[in-house]
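Top to bottom, those sequences are chains A and B.
First residue of the first sequence? That's 204 in this note's numbering, and the numbers climb one at a time after it.
First residue of the second sequence? That's 204 in this note's numbering, and the numbers climb one at a time after it.
No residue lacks a Cβ here, since even glycine has one placed at the ideal position from N, Cα and C.
Okay, structure first, notes after.
Protein chains: 2
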Amino acid sequence: MFLKGYLPYRLNYLAEMTSEATRAIYRRRHGLTRPEWRVLVNLAETDSLTATELCARVPMHKTKVSRALSALEARGWVTRAGDAQDRRVAHARLTPRGRQAFARIRPEMEAATEAMLAPLSAEERRTVDAGLAVLERLFEAQPTGRRQRQSEFEADDA
Amino acid sequence: MFLKGYLPYRLNYLAEMTSEATRAIYRRRHGLTRPEWRVLVNLAETDSLTATELCARVPMHKTKVSRALSALEARGWVTRAGDAQDRRVAHARLTPRGRQAFARIRPEMEAATEAMLAPLSAEERRTVDAGLAVLERLFEAQPTGRRQRQSEFEADDA
DNA sequence: CGTTGATGGTTACATTTTCAACCATTATGG
DNA sequence: CCATAATGGTTGAAAATGTAACCATCAACG
């Protein structure tokens, strides 16, 4: 059969399934879009990041990052400060309220993920991890045919 | 670290990476959206399907399926015929031109996928397959917490 | 310096997707 | 039968995304 067993299909299906529970949390419960949530996570992990650094880390297209930052700023969760050396760049960082929000949401997200994976044994988790690691190495090792990052790539959740 | 190693993130990243090459084909070369391509695949595999059956197989939200069918019909690749028993349902099937189109596109899609996976050994492919199979079983076995299908779920490519 | 080209980031516009409401038809239950 | 609810499918408006163009600044080089 053409469809089943086809790799991009399988990955997209699983990505969607695993994202469902967490999306409900950041989206419905906290009114965040996916880019906003991802930017929030990355800002919480580091002290401050420019939009370009966020693009590389998130990873997402710069327009999404730009809009996510604007939305989070409007919400009072992020501030942006200009750079002294290079006046093109702006350093974004979480406000205290932003950090509090992240501290509230993060455990909900982790709990939802863990609940979803609860039925898996340690052995099974290793099997999953090994499979994904193979593909990750593939794209790490073979950047050919792949846009030089900052691409309009999309990745869900946290 | 919170972000890396997080399952939905990893799956989405890989889904996006593996979808990139095939998307360029159905989209740029053949002017199809993702829902249209997926509907095309499923209609090519079976003789005829109703929109509801497509929703279950694709799987995608019914509005996407509806619009994909309309687009393919406008393109002359699909026809829809009413049901004798139940006048709400319509059976969609590919026209000869639709089948020809699929026959043209399919090998391109398969070649792109195979080219992408070419660096992987048979052993590595088994590892990938085993990992994905674990997760697939998880969602097969545990339909709890998951909308009763026909959900607005999204899956890429073929 | 002045021109040219790259880079960081935003904005505008077209396309897609989501969400809810909707129509038509069929099932259900007094 | 009649009312109510459920189902198959479509549509419209709002939200999100993709794409390209754009502005400002900086870097390179004559």
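Along the stretch 251-276 of chain A, where does the CB come closer than 7 Å to a CB of chain B? Name the residues. none
Exposure label - B/Ala284; buried when at least 16 CB within 10 Å: By 1-based counting over the second sequence, the position of residue 284 of chain B is 81. It counts as exposed.
Considering only C-alpha positions, which residue in the set A/Leu341, A/Glu313 and A/Ala321 is nearest to B/Tyr212? By 1-based counting over the second sequence, the position of residue 212 of chain B is 9. Residue A/Glu313 is the option with its Cα nearest to B/Tyr212.
Taking 8 Å as the CB-CB cut-off, is A/Thr236 touching chain B? Residue 236 of chain A sits at position 33 when you count from the first residue of the first sequence. Answer no: the Cβ-Cβ gap between A/Thr236 and chain B never drops below 8 Å.
Contact between the stretch 294-307 of chain B and the stretch 315-331 of chain B (3+ Cβ pairs under 8 Å): no
Taking the continuous beta strand (DSSP E) assigned at B/Leu415, which residues delimit it? As shown, chain B starts at 204 and ends at 361. That puts residue 415 of chain B outside it, with no answer to give.
Within a Cβ cutoff of 7 Å, which residues of the same chain sit near A/Ala247, ignoring the five residues on either side of it in sequence? Against the first sequence, residue 247 of chain A aligns to sequence position 44. These residues qualify, in order along the chain: Leu297, Arg302 and Phe305.
At the level of alpha carbons, what is the spacing between B/Leu252 and A/Thr236? Within the second sequence, the letter at position 49 stands for residue 252 of chain B. Within the first sequence, the letter at position 33 stands for residue 236 of chain A. Near 34 Å, if we compare the C-alpha coordinates of A/Thr236 and B/Leu252.
Within 9 Å of chain B by C-beta, residues of the stretch 212-226 of chain A in sequence order: Tyr212, Arg213, Leu214, Asn215, Tyr216, Leu217, Ala218, Glu219, Met220, Thr221, Ser222, Glu223, Ala224, Thr225 and Arg226
A/Arg349 to B/Gln288 span [Cα, whole Å]: Start at 1 with the first residue of the first sequence, and residue 349 of chain A comes out as number 146. Start at 1 with the first residue of the second sequence, and residue 288 of chain B comes out as number 85. Since pLDDT at A/Arg349 reaches only 38, below the 50 mark, its modelled position is unreliable, and no value is offered.
Three CB pairs or more closer than 8 Å across the stretch 257-276 of chain A and the stretch 213-222 of chain A: no
Span of the beta strand (DSSP E) around B/Thr282: Locating residue 282 of chain B in the second sequence gives position 79, where the first residue counts as 1. Where B/Thr282 is concerned, the enclosing beta strand (DSSP E) stretches over Val281 to Gly285.
Let me know if B/Thr266 comes out buried or exposed under the rule of 16 or more other beta-carbons within 10 Å of its beta-carbon. As a first step, residue 266 of chain B is located in the second sequence; it is residue number 63 there, counting from the start. When all chains shown are included, B/Thr266 counts as exposed.
From B/Val370 to B/Ala259, what does the alpha carbon distance come to, in whole angstroms? This structure cannot speak to residue 370 of chain B, because chain B is shown only from 204 to 361.
Could you compute how far the alpha carbon of B/Val261 sits from the alpha carbon of A/Pro322? In the second sequence, the residue the question calls residue 261 of chain B occupies position 58. In the first sequence, the residue the question calls residue 322 of chain A occupies position 119. Near 26 Å, if we compare the C-alpha coordinates of A/Pro322 and B/Val261.
Contact criterion: CB-CB distance below 8 Å. Does B/Leu210 meet it with respect to chain A? On the second sequence, position 7 is the one that residue 210 of chain B refers to. It does: the Cβ of B/Leu210 has a partner Cβ on chain A nearer than 8 Å.
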